[in-house]
Amino acid sequence: MILSVSIIFTLAKMVYLIRVFRQLNFLVTMLITVVNDISYFMILFALFLFTFAESFHVLEVDVSSYGRAPSLLSYFVAVLRCAMGDFSIIHYTMGFDIQDEGPDGQLEYRFNRPQMVFTFVMFMLCSFYIFIIFMNFLIAVIVQSYNKVIQNKEAFDYLQRANMINEREGYFTQ
1 MILSVSIIFT
11 LAKMVYLIRV
21 FRQLNFLVTM
31 LITVVNDISY
41 FMILFALFLF
51 TFAESFHVLE
61 VDVSSYGRAP
71 SLLSYFVAVL
81 RCAMGDFSII
91 HYTMGFDIQD
101 EGPDGQLEYR
111 FNRPQMVFTF
121 VMFMLCSFYI
131 FIIFMNFLIA
141 VIVQSYNKVI
151 QNKEAFDYLQ
161 RANMINEREG
171 YFTQ
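So in the UniProt record's numbering, the last spot in the sequence shown is 174, and the numbers never skip.
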């Protein structure tokens, strides 16, 4: 586990160091700008994810495929997958209802029809808001960041170079 965290930090350090090259400096600047601009979007997105995850938790949508994971985490991952376009929250044989085997061996539905219909409506709202609207917001935020970096490309380049010179000076004066 510590090794995987170390690898992620190594990646961050390598991205930080490749700013020296002019062509890669633009991409690193773009990455930093997008991460800074996307922070408020991610807060709102996470709020919607947790809201729909808790809604599906209350409606008892089947997430048994996630094994021993805590239930809220399982619902969060299921809604996040739905946000990415993987609609696996719908069981391929049961739909929005869970079928249990009764004492006589017959399949019985766990929920009544109104709850099943309401679960379907919640799924459609989740798909619409999170998958369609938020992904379009995400694209718009990234395009806005890209335009900001492109318009000020030379200024960002000189700013990065000045920061690198300042860092080197800091190392040599110590």
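Ideal Cβ placement from N, Cα and C applies to all residues, glycine included.
A quick note: this is a predicted structure, and the numbers were derived from the prediction, not measured.
Once DSSP output is grouped into helix, strand and coil, what is the label at residue 179? Examination of residue 179 is not possible in this model, given that the chain is present from 1 through 174 alone.
Are there three or more Cβ pairs, one per stretch, closer than 8 Å when the stretch 18–35 is compared with the stretch 144–160? yes
Output yes or no for whether 9 Å exceeds the beta carbon distance between VAL141 and VAL34. For the 9 Å CB-CB criterion, VAL141 and VAL34 form a contact.
Between ALA74 and VAL63, which are expected to be in contact by the criterion C-beta below 8 Å, what is the C-beta distance as a whole number of angstroms? Note that residue 74 is Ser in the sequence shown here, rather than Ala. With 8 Å as the limit, SER74 and VAL63 qualify as a contact, their Cβ atoms being about 4 Å apart.
Considering only the alpha carbon of each residue, which of SER71, ARG68, GLY67 and PHE52 lies closest to CYS82? PHE52
Rounded straight-line distance, which links the Cα of PHE131 to that of VAL143: 18 Å
According to DSSP, residues forming a beta bridge with GLU101: LEU107
Please tell me whether LEU31 and VAL15 are closer than 9 Å, where the distance is taken between their beta carbons. yes
N-terminal and C-terminal residue of the alpha helix (DSSP H) that ASN136 is part of: Segment 134–151, the alpha helix (DSSP H) holding ASN136.
Mapping the DSSP letters down to three states, classify ARG81 as helix, strand or coil. helix
Taking the beta carbon of VAL79 as the centre, do at least 16 other beta carbons fall within 10 Å, making it buried, or is it exposed? buried
For ASN36, which of helix, strand or coil comes out of DSSP? helix
What is the DSSP secondary structure of MET1, counted as helix, strand or coil? coil
Buried versus exposed call for LEU49 [16 or more other C-beta atoms within 10 Å across all chains shown]: buried
Name the two residues that bound the continuous alpha helix (DSSP H) containing LEU125. 113–126 is the span of the alpha helix (DSSP H), which, as asked, contains LEU125.
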